[in-house]
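In the working numbering, the protein residues as written are 896 to 1315. From the three backbone atoms N, C-alpha and C, an ideal C-beta is built for every residue, glycine too.
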C-alpha cells in the first residue's frame, strides 16, 4: 500500500476530523489518567493511612511508565506497524486501570500506575507517528493542533468529573471509568483507524535498527535542539500539574469544584492557543514564533516567582500567569513537534517515541523536584517553572540554528491530499 493509498483510505473516513478524534483520544489518555484522579488524593491518602506524598508518588511512577513505554514502542511500531502497538498498549492500560481500582495499599497503586503509564504511552506516541505517516509541514501542524484542541477538553472535564465521583462515591470509580475509556478507544481504533505505516518500510527495517535510529536522532541538529527545548518547557508544565491542587486548594483556598473550574480554564487557554497555532505558523516564520512563545513562557514564569517570593500570591495574578504559561504551551508543543518530526517520516515512530520519552523524563524530574521542596506555597512550583523556561531559552539560543541559517522546512506548503 502506497502513502497516497493510505491517505485516500483516511480521507474516506472523513479525515482529518475522525482521525483527529481517534488521535485525540489516544493523546487524552495521559491528561485523563492524571487530572481525573487528583481530586481524590485526600480520600486516597485517608483510606490508605498515608500522607499526601505517598499518593503523589503515583504521579511519578505513572510518568516513569510513560517515559519507558515510549522508548520501547517507537522501534516496535516502525517494525510491526501502528495498530498492533495501539491495541497492545490500550489493553495494558485498561487492565492496569482496573488493577488501580482494586489496589489495597499505596504500593500496589503505585505499581499499577507504572504499568498504566506504560500502556498509555503507546497510544500517545502512535498519535504523533500516525500524523507523520500521513502528513508533513502545515498539514501535519494543522492535524496536530486539531488533536491538541480535542485533547485540551480532557483537562477541562477530567477534574470536574473526578470531583463529582469523589463527592458522591469512591475514588476507585475513577479508575473504572478510565478502564472503560480505554476499552472504547480499542473499539474505535479497530473500527475507524487504518494501518498507516508503509509495509515496505516494515519489511525492510530491522528491530535492532531502533538503537541506530536513536543515535541518528540524538545527533540531529534539526531534531535534538527542538526536543530539548520543548522538554524543558514540558518540565514546567509538569511542575504545574503536580502542584496545582495544592496551590489552588491549600494556598488559594479553593474548593475541589472551584479548583476543577480554575484548572479547566487553563486547559481552555491551551485549547484556544492550539486552535490558532496553524494560522500563526502559516503567517510567521516558525523559528521566530517559537522564540516569541518561549519568551512569553519565561516572562510569566519569572513574574510568578517574584509573586511567590514576595508573598503576593492572590488568586487573580497567579491564575492569569498560569493561564498565560499553559496557553503558550498550546503553541510550543505542536510547533516543536511538527518541526522536529518533519524530516524523519521513515522513522516517525522512533522519532515520536524519543521525543515523548525526553519530554516525560523532564516532566518526571521537574514534578519530583517540585514535590520534594514543596512548603505549602507556590514557591517551589514557580521556581521550577521559571528554571525550566530559562533552560529552554538557553537551549534554543545555544543549539538551534540562527534564523538565517535555519534549513528550509515545508511548513508553508500544504499537502496535495489536504486540498482534496
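Shortest alpha-carbon distance to residue i belongs to which of the options?
i	options	result
residue 1241	1094, 917, 1278	1094
residue 1207	1092, 1184, 1147	1147
residue 1011	1142, 929, 1088, 1042	929
residue 1250	1024, 947, 1173	1024
residue 1142	1192, 1132, 1154	1154
residue 1089	1286, 994, 978, 1114	978
residue 1215	1162, 1238, 1187	1162
residue 1264	1052, 982, 1282, 1187	1282
residue 1160	1086, 1054, 1091, 1125	1054
residue 958	941, 1013, 942, 973	1013
residue 1136	1260, 1118, 1036, 1183	1260
residue 984	999, 1187, 1003, 1022	1022
residue 1026	1091, 1052, 1062	1091
residue 1126	1228, 1211, 1052, 1060	1228
residue 915	1036, 945, 1120	1036
residue 1239	1082, 912, 1112, 940	1112
residue 1266	1248, 1185, 1118, 1138	1138
residue 1186	1107, 1292, 1202	1292
residue 1205	1272, 1078, 1156	1272
residue 1262	1106, 951, 1178, 1151	951
residue 1082	1255, 1254, 917, 1253	917
residue 1269	1145, 1056, 1179	1145
residue 1255	963, 912, 941, 919	963
residue 1192	967, 1286, 1172	1286
residue 988	1018, 1107, 1109, 940	1018
residue 1038	1173, 1183, 1177	1173
residue 1156	1056, 975, 1005, 973	1056
Would a C-beta distance cut-off of 8 Å place residue i and residue j closer than the cut-off?
i	j	result
residue 1226	residue 1190	no
residue 1008	residue 1065	no
residue 956	residue 1123	no
residue 1129	residue 1257	yes
residue 1329	residue 961	Outside the shown range of the chain (896 to 1315) lies residue 1329, about which nothing can therefore be said.
residue 965	residue 1020	yes
residue 1073	residue 921	no
residue 1244	residue 925	no
residue 1232	residue 1131	no
residue 1001	residue 947	no
residue 971	residue 980	yes
residue 1288	residue 1120	no
residue 1134	residue 1188	no
residue 1230	residue 1181	yes
residue 1164	residue 1076	no
residue 927	residue 1058	no
residue 1246	residue 1118	yes
residue 1202	residue 1213	yes
residue 943	residue 1050	no
residue 1087	residue 913	yes
Determine the extent of the alpha helix (DSSP H) in which residue i is found, giving its start and end residues.
i	result
residue 1024	1001-1029
residue 930	912-930
residue 985	977-996
residue 1148	First-last for residue 1148: undefined, no H or E at that position.
residue 1047	1032-1063
Is residue i near the ligand PLP, in the sense that its beta carbon is under 7 Å from a heavy atom of that ligand?
i	result
residue 1211	The ligand PLP is not among the ligands present in this structure, which contains no ligands whatsoever.
Whole runs of the alpha helix (DSSP H) within the stretch 1161-1243, excluding any shorter than 4 residues: Taken in chain order, the whole alpha helix (DSSP H) runs of length 4 or more contained in the stretch 1161-1243 are 1181-1205, 1210-1236.
Given 8 Å, three or more beta-carbon pairs between the stretch 1030-1048 and the stretch 1163-1182: Cβ pair count under 8 Å is three or more, so yes.
Meets three-Cβ-pair contact criterion under 8 Å: the stretch 930-938 and the stretch 1025-1034: Output reads no: the stretch 1025-1034 does not touch the stretch 930-938.
Contained alpha helix (DSSP H) runs [length at least 4] in the stretch 1086-1146, N- to C-terminal order: Counting whole runs of 4 or more residues, the stretch 1086-1146 contains the alpha helix (DSSP H) stretches 1094-1099, 1104-1113, 1119-1140.
Ranges of the alpha helix (DSSP H) found wholly within the stretch 932-956, counting only runs of at least 4: Unbroken alpha helix (DSSP H) stretches of 4 residues or longer found wholly inside the stretch 932-956: 936-943, given in chain order.
Inter-stretch contact at 8 Å, needing at least 3 Cβ pairs: the stretch 1194-1209 / the stretch 1277-1284: Contact between the stretch 1194-1209 and the stretch 1277-1284 is present: 3 or more CB-CB pairs across the two stretches fall below 8 Å.
Inter-stretch contact (C-beta, 8 Å, three-pair minimum) for the stretch 987-996 and the stretch 1051-1071: Yes: at least three Cβ pairs fall under 8 Å.
Any beta strand (DSSP E) of 3 or more consecutive residues that is wholly inside the stretch 1243-1295: The DSSP assignment places no complete beta strand (DSSP E) segment of no fewer than 3 residues inside the stretch 1243-1295.
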